[in-house]
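Enquirer: Got a structure for you, questions after.
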Ligand SMILES: Cc1cc2nc3c(=O)[nH]c(=O)nc-3n(C[C@H](O)[C@H](O)[C@H](O)COP(=O)(O)OP(=O)(O)OC[C@H]3O[C@@H](n4cnc5c(N)ncnc54)[C@H](O)[C@@H]3O)c2cc1C
């Protein structure tokens with residue numbers, strides 16, 4: 247793992263600078279067995295526990311947030327497939343995904359956090375004799391142009407939803423050019439249009455059912471976002487510690503942040519033990535996310551302030567880390583998380 251982390255860390259700056267899709271990094275992840283983490287053992291995976299997975303995400307994101315973020319989207323697709331009752335589809339896709347021979351990603355935000363105020367569903371689905379027809383736009387798909395399969399969903403006229411693995415080369419699928427972003431442009435994130443995409447039943451992952459995203463795999467995603475924020479905060483604090491080693495005045499700044507980080511990491515891992523933490527509101531996924539967001543923003547900005555003007559120059563780690571930390575204000579934020587962030591920014595007490 248140390249060798250992998252070092253290589254990811256070295257490549258992280260140029261990847262961001264050139265907005266370059268992390269293909270080589272995914273080769274390294276495959277070699278190190280990381281692509282097997284969320285795949286069940288019967289399909290050639292390692293079936294990591296949620297706790298081990300989060301621990302792995304913290305380490306990887308402390309080395310390269312872009313690679314780890316893309317990995318979470320790919321893992322999201324694998325986890326949805328692994329939870330599916332469609333055994334034929336699983337047998338066809340999961341072994342190749344475990345080996346890194348196929349790449350899949352998710353486009354599910356329009357079923358959870360994106361475009362929820364729209365009157366019409368972003369993607370509409372109608373039933374056909376052989377399966378389903380998809381129409382609409384998936385607003386956000388990371389790595390879409392590099393994907394073999396898009397795990398995505400849509401809504402039927404009666405409100406029920408389906409989730410399917412749509413082959414990216416299927417007729418009617420159009421990937422828009424990747425967006426230029428404040429950070430993480432290398433993640434090749436873009437909207438995907440679905441125009442009359444006729445899909446056979448064999449590609450069905452889940453549904454039709456109301457609120458298809460509530461079926462399994464929900465909570466892992468929620469804690470994973472916090473794990474990535476925790477990992478980036480770790481990297482910022484490591485840099486701050488290096489500065490503090492030469493400048494004693496920074497120690498009283500570094501120490502409380504470091505303590506807060508350790509408590510957050512411990513609570514994040516503890517939160518995977520659902521029975522033990524049931525009823526403890528401080529360890530709910532939303533509370534942990536609020537703390538992780540707050541810490542990553544403060545830790546990266548403390549590093550920038552300590553790095554002074556030198557840290558403001560492109561290519562300095564502080565400059566990239568500050569931009570990357572802002573991603574957590576918008577990525578996969580359910581309403582209570584947005585509300586907590588806004589209250590903190592407004593200087594109001596967080597509840
Ligand atoms: C870099 C990046 C990569 C991502 N990758 C993926 C991915 O791979 N897969 C995936 O599924 N998701 C992905 N997401 C989506 C992400 O998880 C969130 O769903 C997304 O950031 C939500 O933002 P939105 O602009 O779509 O939200 P929306 O809620 O659609 O807001 C868009 C705009 O609508 C207006 N608006 C919002 N709420 C209201 C309201 N109540 N009333 C009136 N107007 C309103 C505001 O003007 C707002 O700017 C990604 C996001 C980013 C930024």
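Residue numbers (the numbering used here): 247 to 597. Glycine included, every Cβ here is placed at the ideal spot set by N, Cα and C.
1. Within the same chain, show all residues whose beta-carbon is closer than 8 Å to that of residue 486, passing over the 5 residues directly before and after it, in chain order.
2. When every heavy atom of ligand 1 is checked, does at least one fall within less than 7 Å of the C-beta of residue 426?
3. For the segment 466-479 and the segment 572-590, state whether three or more C-beta atom pairs, one from each stretch, are separated by less than 8 Å.
4. With which residues is residue 380 paired in a DSSP beta bridge?
5. Using DSSP bridges, identify the partner residues of residue 578.
6. Relative to the C-alpha of residue 369, which candidate in 376, 348 and 383 has its C-alpha closest?
7. According to DSSP, what are the bridge partners of residue 353?
8. Is it the case that the CB of residue 578 approaches a heavy atom of ligand 1 more closely than 7 Å?
9. Determine the extent of the alpha helix (DSSP H) in which residue 344 is found, giving its start and end residues.
10. Do residue 382 and ligand 1 come close, with the Cβ less than 7 Å from some heavy atom?
11. With a threshold of 7 Å on Cβ separation, who are the neighbours of residue 533 within its own chain once the five nearest residues in sequence on each side are excluded?
12. Just the C-alpha distance for residue 262 and residue 272, rounded to the nearest angstrom, thanks.
13. Can you find at least 3 beta carbon pairs, one from the segment 334-343 and one from the segment 356-374, that sit closer than 8 Å?
14. Alpha carbons only, please: which of 323, 445 and 520 is nearest the one belonging to residue 375?
15. Determine the extent of the beta strand (DSSP E) in which residue 543 is found, giving its start and end residues.
16. Using CA atoms only, rank isn't needed, just tell me which of 356, 389 and 448 is closest to residue 459.
17. So residue 351 and residue 291 are supposed to be a Cβ contact under 8 Å. How far apart are they, rounded?
18. Does ligand 1 have a heavy atom nearer than 7 Å to the CB of residue 285?
19. Do you know offhand how far residue 259's Cα is from residue 431's?
20. For residue 442, count the other beta carbons within 10 Å of its own beta carbon; 16 or more makes it buried, fewer makes it exposed. Which is it?
21. By a C-beta neighbour count over all protein chains shown, 10 Å radius and 16 as the cutoff for buried, is residue 595 buried or exposed?
22. In this structure, does DSSP put residue 284 in helix, strand or coil?
23. What is the C-beta distance between residue 396 and residue 438, in whole angstroms, given that I count them as a contact (C-beta under 8 Å)?
24. Residue 510 CB to nearest chain B CB: under 8 Å?
25. Could you please give the first and the last residue of the uninterrupted alpha helix (DSSP H) stretch that includes residue 259?
Expert: Quick look at the numbers:
1. 496, 499, 500, 503, 545, 548, 549 and 552
2. no
3. yes
4. 371 and 443
5. Paired residue(s): none; residue 578 is not in a bridge.
6. 383
7. 398
8. yes
9. 333-345
10. no
11. 527
12. 15 Å
13. no
14. 445
15. That residue, residue 543, is in no beta strand (DSSP E); its alpha helix (DSSP H) goes 531-553.
16. 356
17. That pair is no contact at about 18 Å.
18. no
19. 12 Å
20. exposed
21. exposed
22. coil
23. 6 Å
24. In the structure shown, chain B does not exist; there is a single protein chain.
25. 248-263
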